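With the numbering used here, letter number 27 in the sequence shown gets 16, and the count goes up by one each step, no holes. Cβ coordinates follow ideal geometry from the N, Cα and C atoms, glycine included. Just so it is clear, the structure is predicted and the values come from calculations on it, not from any experiment. For reference, the structure discussed in these notes is given below.
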Amino acid sequence: MFISSRAGRRYVALVCVIFAGATFGAEWEGYERLSREQLLETLDGSHAGVKPKVTSKNLIDVDLSGIDFRGANLSASVLNGANLSRATLDKCNLTVSFLEGANLSGASLREAMLFSSQLAGAKLIGADLTGARLIGDLRKADLSKAQLVRMNAAPDMKNQSMGLMRANIVSAKAIEADFSDSDFSRTDFSFSDLSRAKMQRTRLFRADFSGANLAGADLSGADLRDAVFDNTDLSGANLTNADLTGATARNVRGLDTATTTGARGLPMSE
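Quick look at the structure:
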């Protein structure tokens, strides 16, 4: 996704406004407050063939479970603490949206746009994000058993005038999550629990796994060039045919128990 410098400035301005509102505990002035019933009326009132537009709305703590948002434009809306369990958000635009602490367990977000989305502390247990575009903050999120296959979560290196914008999955839980065949280059996975996760053929170029738990993870065929593995647990991990060229590590645990057949770039050293 390419964003022009002008569009980029608009994104920054909007994010700054949102953060300012959150910091000072404002009532999200300018954001129309909707109940579940009002939201359903808005979705039902959309004309055939026209994507529903629910932008810049205040849906904090609203029960939105099971709702079909398919294709809706939810950009810049505030859904902190909302219950979106089992909701259908396929192909939704969630650009610059706030979903902090939201419950998205079992939700479908296939091919959704999550650019500059805030998902810190969100529950995405068993959620399906197949084919989604992600650049966002998922600190302390729970992605256990989530489907994150064929995703593009890599930063657009042609558009970094605002500084490096990347997927932030720090101190998160992603036990048995499936990241296979995705691009999570430069993602920060530090201190996350990725035990028994699947990262088969995943592009993880320059990803940071400092302090992460990758015990039993399947990284076969993964692109781990220039990745960081400081204080990482690789006990029983599958690194078959993985490319670790240029990867750095200190105090890695369990590498002697990992499967490394055909792996390139071993042993890792600083």
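Tell me, to the nearest whole angstrom, how far the beta carbon of residue i is from that of residue j; I am working on the premise that it is less than 8 Å.
i, j, result
"Phe194", "Arg175", "7 Å"
"Asp79", "Ser97", "6 Å"
"Ala76", "Ser54", "6 Å"
"Leu183", "Ala206", "6 Å"
In the structure shown, what three-state DSSP assignment does residue i receive?
i, result
"Gln189", "coil"
"Asp232", "strand"
"Glu165", "coil"
"Thr77", "strand"
"Asp245", "helix"
"Asp145", "coil"
"Asp170", "coil"
Name the DSSP beta bridge partners of residue i, please?
i, result
"Met102", "Asn82 and Arg122"
"Arg22", "Asn47"
"Lys42", "Asn62"
"Val67", "Asn47 and Phe87"
"Asp212", "Arg192 and Asp232"
"Ser179", "None, per the DSSP bridge assignment."
"Ser133", "Paired residue(s): none; Ser133 is not in a bridge."
"Arg253", "Asp232"
"Gln107", "Phe87 and Asp126"
"Asp57", "Thr77"
"Asp207", "Lys187 and Asn227"
State buried or exposed for residue i, treating a residue as buried only when at least 16 other CB atoms are found within 10 Å of its CB.
i, result
"Ser24", "exposed"
"Gly19", "exposed"
"Asp177", "buried"
"Asn240", "exposed"
"Gly115", "buried"
"Asp172", "buried"
"Thr246", "exposed"
"Asp33", "exposed"
"Arg214", "buried"
"Asp126", "buried"
"Val51", "buried"
"Glu26", "exposed"
"Gly210", "buried"
"Val39", "exposed"
"Arg192", "buried"
"Thr221", "buried"
"Glu30", "exposed"
"Arg22", "exposed"
"Gly95", "buried"
"Thr250", "exposed"
"Ala252", "buried"
Kindly indicate the opening and closing residues of the beta strand (DSSP E) around residue i.
i, result
"Asp219", "Val217 to Asp219"
"Thr237", "Thr237 to Arg239"
Taking 7 Å as the cut-off, is the beta-carbon of residue i closer than that to any non-hydrogen atom of the ligand ZN?
i, result
"Asp52", "Looking for the ligand ZN in the displayed structure turns up nothing, as the structure carries no ligands at all."
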